[in-house]
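Residue numbers (this note's numbering), protein chains in the order written: chain A, 6 to 260; chain B, 6 to 260. Backbone N, C-alpha and C define an ideal beta-carbon position, used for all residues, glycine too. Each remark here refers to the structure printed beneath this line.
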DNA sequence: TAGGAGAACTTGTACAAACAAGCGAGCCCA
DNA sequence: TGGGCTCGCTTGTTTGTACAAGTTCTCCTA
């Protein structure tokens with residue numbers, strides 16, 4: 006059973022994406038939409054809030070809402086799962102575990118993952134046959150067993166963990182910056198040492214706030230970009246100051 | 006006059022940031038908060054929605070809400086304005102226009118900015134005295150005059166434009182990836198050619214959806230990172246496929 | 001003691017009503 | 001003609017109510 010406001014949101018979104026409401030044009034008023042759908046104004050507002058969060062429409066008190074764009078931001082699942090994202094974009098994709106070992110948690114890991122033992126996995130992901138992403142992931146102890154059981158060429162870790170132990174990655178925190186490729190990065194991604202990589206560091210938790218993993222993912226430059234649409238009043242992306250230093254050598258599996 | 010739900014949100018945020026509600030702990034129920042603040046449940050829900058959008062709390066139907074983190078995502082203004090962001094972080098900052106000229110719009114610019122003539126500005130931004138950001142911005146014709154009147158060392162373009170013509174940057178679309186520094190990048194940022202830069206391409210519009218500018222901003226690696234907090238159901242960040250090609254030399258707003 | 005039924009609690013959805021606040025267009029007057 | 005003002009429209013805020021749906025804990029029973 007889909008909620009009513011979601012169906013209204015879907016319908017409005019379709020109308021925008023199909024061009025019935027061109028970019029820059031005014032949306033029907035809340036009252037009009039409410040009458041058309043036979044719903045209360047509050048429900049319509051909820052529907053419109055969904056579209057606003059997707060960056061499709063903007064609003065200003067007193068004035069009609071306007072259509073801002075036609076490219077829709079996707080769900081968290083696609084941000085988190087490389088496989089789901091690749092599939093949604095119609096790309097061939099694959100993955101391969103390069104190295105995997107258990108070790109004691111160190112540095113900020115005990116605090117972040119809440120376990121003294123962790124499982125460290127180095128994985129290469131490919132898009133259209135080419136290696137584009139190097140994942141250095143550290144799993145909390147309580148999922149380590151399930152991760153170890155996965156095949157080395159598992160295509161979607163997220164889905165596999167959901168199937169095996171019902172694990173859902175619910176919340177994530179991401180830090181995005183650029184770093185030069187280290188020796189290992191260069192070798193595995195097939196680029197020159199020092200060439201630019203897009204790095205995404207993330208920590209993921211379950212619905213209950215239980216930490217699952219932290220990861221250092223490095224994308225080959227040009228293969229992937231992150232996109233965000235936002236508006237005054239609500240957006241989750243922020244800059245964070247770095248310290249102008251970065252060491253290329255502080256990796257996990259660096260020999 | 007601040008809205009009631011905003012005051013409740015502020016109070017709750019303070020409690021979370023101050024540690025009264027530790028990370029992972031449960032928030033009081035909506036009914037409890039409503040009674041404590043003498044407000045209706047709907048108002049409390051609105052307040053909590055603000056915190057959820059900031060990534061501070063998560064929720065699941067039937068279960069108490071939990072605190073997800075203590076680092077608050079900031080407002081759009083801080084994402085958009087380098088000056089406002091730097092100030093909020095207590096950094097010394099500056100800016101200097103390197104070059105500026107009017108020219109005919111080309112490529113995707115006429116469509117994106119809605120004008121045939123544009124103003125192109127090359128600006129270097131500094132943090133704590135060091136150059137960290139190179140902005141290549143193209144302004145639509147209708148703001149070009151106001152931009153030209155700004156002093157070359159204007160510290161905050163966003164604020165200056167607001168003061169002079171009441172312009173508010175309301176909506177933005179951002180594309181984030183990594184690129185190697187070109188010759189000009191390297192010279193102006195004081196890094197080696199080919200070293201990694203974090204690139205943010207953005208297009209900004211007013212409340213009315215009127216395009217203001219598109220920009221290609223390049224951050225020195227290590228100086229700045231982008232951070233995002235998200236959850237299942239709502240997040241604005243997406244990956245976008247690149248084409249695996251990139252040339253270091255093809256600057257200035259290529260597609 | 002283990003497991004299941006169920007009650008109590010909590011969040012999600014929906015409706016209705018009212019007032020506040022801001023915008024825009026049209027009107028009137030100088 | 002130009003400027004200011006008013007009025008209607010539209011979105012923003014708030015309250016109250018009701019029920020649906022999911023979670024969690026307790027207690028009872030096999």
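Go ahead and label residue 80(B) buried or exposed: buried means 16 or more other beta carbons lie within 10 angstroms of its beta carbon, across all protein chains shown.
Sequence index remark: in the second chain, residue 80(B) carries index 75 (1-based). Residue placement at residue 80(B) cannot be trusted, given a pLDDT of 46 that sits under 50; the coordinates are not used to answer.
Please report the distance separating the alpha-carbon of residue 55(A) from that of residue 193(B).
Taking the first chain and counting its residues from 1, one reaches residue 55(A) at position 50. Taking the second chain and counting its residues from 1, one reaches residue 193(B) at position 188. C-alpha separation (whole angstroms): 42 Å.
Three or more C-beta pairs closer than 8 Å, one from the stretch 14 to 29 of chain B and one from the stretch 133 to 150 of chain A: is that the case here?
Judged by Cβ distances under 8 Å, the stretch 14 to 29 of chain B makes no contact with the stretch 133 to 150 of chain A, as fewer than three pairs qualify.
Look up residue 156(B) in the DSSP assignment and say whether it is helix, strand or coil.
Residue numbering aside, residue 156(B) sits at position 151 when the second chain is read from its first letter. Reduced to three states, the DSSP call for residue 156(B) is coil.
Please decide whether residue 182(A) counts as near chain B, where near means a Cβ-Cβ distance under 8 Å.
By 1-based counting over the first chain, the position of residue 182(A) is 177. Residue 182(A) has a beta carbon lying within less than 8 Å of a beta carbon in chain B.
Residues sharing a beta bridge with residue 235(B), DSSP:
For the purposes of this step, residue 235(B) is taken as the residue at position 230 of the second chain. For residue 235(B), the pairing in a beta bridge is given by DSSP as 177(A).
Does any C-beta atom of chain A lie closer than 8 Å to the C-beta of residue 209(B)?
The residue you call residue 209(B) lines up with position 204 of the second chain. It does not: the Cβ of residue 209(B) has no partner Cβ on chain A nearer than 8 Å.
Starting from residue 29(A), find everything on chain B with Cβ-Cβ shorter than 7 Å and list it in chain order.
As a first step, residue 29(A) is located in the first chain; it is residue number 24 there, counting from the start. Neighbours of residue 29(A) on chain B, chain order: 214.
With C-beta atoms as the reference, is residue 216(A) less than 8 Å away from residue 208(A)?
Numbered from its first residue, the first chain carries residue 216(A) at position 211. Numbered from its first residue, the first chain carries residue 208(A) at position 203. Yes; because the gap between Cβ atoms is below 8 Å, this pair is in contact.
Taking only beta-carbon positions, decide if residue 52(B) is within less than 8 Å of chain A.
Mapped onto the second chain, residue 52(B) falls at position 47. Closer than 8 Å: no.
At least 3 beta-carbon pairs within less than 8 Å: the stretch 109 to 126 of chain B vs the stretch 141 to 160 of chain B
The stretch 109 to 126 of chain B is in contact with the stretch 141 to 160 of chain B.
Considering residue 169(B), what are the terminal residues of the alpha helix (DSSP H) in which it resides?
For the purposes of this step, residue 169(B) is identified with residue 164 of the second chain, where counting begins at 1. Following the DSSP letters along the chain, one finds residue 169(B) inside the alpha helix (DSSP H) bounded by residues 162 to 170.
Taking C-alpha atoms, which residue in 29(A), 124(A), 99(A) lies nearest to residue 213(B)?
As a working note, residue 213(B) is residue 208 in the second chain. Checking every option, the nearest Cα to that of residue 213(B) belongs to 29(A).
N- and C-terminal bounds of the alpha helix (DSSP H) containing residue 106(A)
Counting from one through the first chain, the residue named residue 106(A) turns up at place 101. Careful: residue 106(A) lies outside any alpha helix (DSSP H), inside the beta strand (DSSP E) at 98 to 109.
With distances taken from CA atoms, which of 159(A), 204(A), 226(A) is nearest residue 141(A)?
One-based indexing of the first chain puts residue 141(A) at position 136. Checking every option, the nearest Cα to that of residue 141(A) belongs to 204(A).
What residue range does the beta strand (DSSP E) around residue 216(A) cover?
The sequence position of residue 216(A) within the first chain is 211, counting from 1. Note, residue 216(A): beta strand (DSSP E), 216 to 225.
Less than 8 Å between the C-beta atoms of residue 125(B) and residue 111(B), yes or no?
Counting from 1 along the second chain, the entry for residue 125(B) is found at position 120. Counting from 1 along the second chain, the entry for residue 111(B) is found at position 106. No, the pair does not count as a contact, with Cβ atoms beyond the cut-off.
Suppose you measure from the CA of residue 99(A) to the CA of residue 160(A); what does that come to, to the nearest Å?
Start at 1 with the first residue of the first chain, and residue 99(A) comes out as number 94. Start at 1 with the first residue of the first chain, and residue 160(A) comes out as number 155. Looking at the two C-alpha atoms, the distance is approximately 5 Å.
Decide if residue 72(A) is buried, meaning its Cβ has at least 16 other Cβ atoms within 10 Å, or exposed.
The residue labelled residue 72(A) in the question sits at position 67 within the first chain. By the 10 Å Cβ count, residue 72(A) comes out buried.
Chain B residues whose Cβ lies nearer than 8 Å to that of residue 170(A)
Counted from its first residue, the first chain places residue 170(A) at position 165. Under the 8 Å cutoff, chain B gives no residues; its nearest Cβ is about 17 Å from residue 170(A).
Would you mind stating whether residue 183(A) and residue 199(A) have Cβ atoms separated by less than 8 Å?
In the first chain, the residue the question calls residue 183(A) occupies position 178. In the first chain, the residue the question calls residue 199(A) occupies position 194. It is not a contact, given that the beta carbons lie outside the stated cut-off.
Which residues does DSSP list as the beta-bridge partners of residue 148(A)?
Here the question's residue 148(A) lines up with position 143 in the first chain. Answer is none; residue 148(A) lacks a bridge partner.
Assuming residue 125(A) is part of the alpha helix (DSSP H), what are its boundary residues?
Position 120 of the first chain, counted from the first residue, corresponds to residue 125(A). Under the DSSP assignment, residue 125(A) falls outside any alpha helix (DSSP H), being part of the beta strand (DSSP E) whose first and last residues are 122 to 132.
Whole-number beta carbon distance between residue 128(A) and residue 103(A), since they are thought to touch under 8 Å:
If you number the first chain from 1, residue 103(A) lands on position 98. If you number the first chain from 1, residue 128(A) lands on position 123. About 7 Å separates the two Cβ atoms, so the contact holds.
Measure the Cβ-Cβ separation of residue 53(A) and residue 70(A) and say whether it is below 8 Å.
Taking the first chain and counting its residues from 1, one reaches residue 53(A) at position 48. Taking the first chain and counting its residues from 1, one reaches residue 70(A) at position 65. In contact: residue 53(A) and residue 70(A) (Cβ atoms closer than 8 Å).
At the level of alpha carbons, what is the spacing between residue 190(A) and residue 61(A)?
The residue labelled residue 190(A) in the question sits at position 185 within the first chain. The residue labelled residue 61(A) in the question sits at position 56 within the first chain. Roughly 37 Å between the two C-alpha positions.
Give a yes or no on whether the minimum CB-CB distance between residue 106(A) and chain B is below 8 Å.
The residue given as residue 106(A) occupies position 101 in the first chain. Taking Cβ atoms only, chain B never reaches closer than 8 Å to residue 106(A), which makes this a no.
If you measure from the beta carbon of residue 110(B) to each beta carbon in chain A, is any gap under 8 Å?
Start at 1 with the first residue of the second chain, and residue 110(B) comes out as number 105. By this cut-off, residue 110(B) is not an interface position.
Name the chain B residues whose beta carbon is nearer than 7 Å to that of residue 26(A)?
What you label residue 26(A) is simply residue 21 of the first chain in a count that begins at 1. By Cβ distance, chain B contributes nothing, its closest Cβ being about 12 Å from residue 26(A), past 7 Å.
Alpha carbon to alpha carbon, how far is residue 175(A) from residue 85(A)?
For the purposes of this step, residue 175(A) is taken as the residue at position 170 of the first chain. For the purposes of this step, residue 85(A) is taken as the residue at position 80 of the first chain. The straight-line gap from Cα to Cα measures roughly 9 Å.
What is the DSSP secondary structure of residue 43(B), counted as helix, strand or coil?
Taking the second chain and counting its residues from 1, one reaches residue 43(B) at position 38. If DSSP states are grouped into helix, strand and coil, residue 43(B) belongs with coil.
Starting from the beta carbon of residue 71(A), find every residue of chain B whose beta carbon is closer than 7 Å, and list them in chain order.
As a working mapping, residue 71(A) is identified with position 66 in the first chain. Proximity of chain B to residue 71(A) at the Cβ level (cut-off 7 Å) is accounted for by 213, 214, in chain order.
Is residue 114(A) close to chain B? Criterion is C-beta to C-beta, closer than 8 Å.
As a position in the first chain, residue 114(A) is number 109, starting the count at 1. False, the Cβ-Cβ gap to chain B never drops below 8 Å.
Straight-line gap, residue 44(B) to residue 164(B) (C-alpha atoms, nearest Å):
Position 39 of the second chain holds residue 44(B). Position 159 of the second chain holds residue 164(B). A straight line joining the alpha-carbon of residue 44(B) with that of residue 164(B) spans about 36 Å.
Below 8 Å on the Cβ atoms is my contact criterion, and I expect residue 181(A) with residue 231(B) to pass it. Report the Cβ-Cβ distance as a whole number of Å.
Start at 1 with the first residue of the first chain, and residue 181(A) comes out as number 176. Start at 1 with the first residue of the second chain, and residue 231(B) comes out as number 226. Your pair residue 181(A) and residue 231(B) checks out as a contact, with CB atoms roughly 4 Å apart and the cut at 8 Å.
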